[in-house]
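979 is the number of the first residue of the sequence shown in the working numbering; add one for each residue after it. Quick reminder that beta carbons are idealized off the backbone N, C-alpha and C, glycines included. All values reported here derive from a predicted model rather than from experimental measurement.
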Amino acid sequence: MDKSSQERCIQCRLIVQECICRGISPFWSEHRITLLTSKREERIISNTGRLLRFMLGNISAVYIGRKGWEKEVESEIARTNYTPVILFPIPPVHNGQKIVEETGKPLNIFVLDTSWRNARRWLHKPVLMNLKKIGLNTVPPSEYYLRKQSAENYLCTFQAVTLLLAELGTEGFDSVSLQINEKFKLWVKSLARQRGLTRTTTLQSRSFSKN
Ligand SMILES: [Zn+2]
């Protein structure tokens, strides 16, 4: 049977035999995630923001370009029980942990769930301009080899968010992060296998694109 016609899970989008969704109950994080995405991005099977949306509880998505999206962003920014910040790992960035200590509030972390090129464009939308930028303290190698990243230290949405939640010392995250990272690795592996990709070939193309 043609692989593209195989039935896929509507949530993780893997072929049903390899679905990773069983046994996942969303983790409620004290820090909120506001995922900025688009309808186009959502249709892409290798999109990793979608994984966060069923693995985390305190998360919502705003579709950039959809009617009223700026109002939705404004009301997320206006939530008084959080400090709004945007995750964008290009210096200069603030330290997220420090902001939490200074304000005594958890963060509402805006995450640009799109390609790096688009993310740079979205970052300059007027409604996002005044958000404090935060980054990661340490950037490990990417586990995601489905799309070509423009530089080695650029992570996919899933890895960037889960690493940030760990760095922020998010309460209770320790006990679930191993499981959700294992699920993520399985998901990448399954999609890569379907596409005939191996880790080695993408690493080669990555070091090639760096030159
Ligand atoms: Zn699934």
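{"Query": "Taking its Cβ as the centre, do 16 or more other Cβ atoms sit within 10 Å of VAL994, making it buried, or is it exposed?", "Result": "exposed"}
{"Query": "Can you look up GLN1182 in the DSSP assignment and give me helix, strand or coil?", "Result": "The predicted model places GLN1182 with a pLDDT of 42, which falls under 50 and marks its position as unreliable, so this point remains unresolved."}
{"Query": "Just list the beta strand (DSSP E) runs in the region 1041-1121, keeping only unbroken ones of 3 residues or longer that don't cross its boundaries, in chain order.", "Result": "1061-1065, 1085-1090, 1110-1112"}
{"Query": "Tell me which residues pass a beta-carbon proximity test against ligand 3: closer than 5 Å to any heavy atom, given in chain order.", "Result": "Of the ligands this structure carries, namely ligand 1, none is ligand 3."}
{"Query": "Is the beta carbon of SER1155 closer than 8 Å to that of CYS1134?", "Result": "no"}
{"Query": "Ordered along the chain, which non-local residues of its own chain (more than five positions away) have a Cβ less than 6 Å from that of SER1183?", "Result": "Because the pLDDT of SER1183 is 42, which lies under 50, any placement of that residue in the model is unreliable, and the number read from its coordinates should be weighed accordingly. Cβ neighbours of SER1183 beyond the five flanking positions: none."}
{"Query": "DSSP on LEU1141, reduced to helix/strand/coil?", "Result": "helix"}
{"Query": "Is the beta carbon of ARG1010 sitting closer than 8 Å to the one on ASN1073?", "Result": "no"}
{"Query": "Could you tell me which of ASN1159, ALA1056, TRP1047, THR1015 sits nearest to PHE1005, measuring between CA atoms?", "Result": "ASN1159"}
{"Query": "Keeping to the same chain, check which residues put their C-beta closer than 8 Å to that of ASP1152; ignore five residues upstream and five downstream.", "Result": "ALA1144"}
{"Query": "Please return the same chain residues whose Cβ sits closer than 6 Å to the Cβ of GLU996, not counting the five positions on each side in sequence.", "Result": "SER1168"}
{"Query": "Please list the terminal residues of the continuous beta strand (DSSP E) segment that includes GLU1011.", "Result": "Looking at the sequence itself, residue 1011 is Ile, so the reference to Glu does not match. Its beta strand (DSSP E) spans residues 1010-1015."}
{"Query": "Less than 8 Å between the CB atoms is what I'm expecting for CYS990 and LEU1029, so what's the real figure, rounded?", "Result": "7 Å"}
{"Query": "So LEU1124 packs on LEU1175, CB below 8 Å; how close in whole Å?", "Result": "7 Å"}
{"Query": "For TRP1094, count neighbouring C-beta atoms within 10 Å of its own C-beta (all shown protein chains included) and say buried if the count is 16 or more, exposed if not.", "Result": "exposed"}
{"Query": "Pick helix, strand or coil for ILE1158, following the three-state DSSP scheme.", "Result": "helix"}
{"Query": "Using a threshold of 8 Å, state whether the C-beta atoms of LYS1083 and ASN1059 are closer than that.", "Result": "yes"}
{"Query": "Grouping DSSP H, G and I as helix and E and B as strand, with all else coil, what is LYS1188?", "Result": "Confidence is the limiting factor: at LYS1188 the pLDDT is only 31, short of 50, which leaves the residue's position unreliable and the question unanswerable from this model."}
{"Query": "What are the boundary residues of the alpha helix (DSSP H) that PHE1197 is part of?", "Result": "Absent from the structure is residue 1197, since the part of the chain shown begins at 979 and ends at 1189."}
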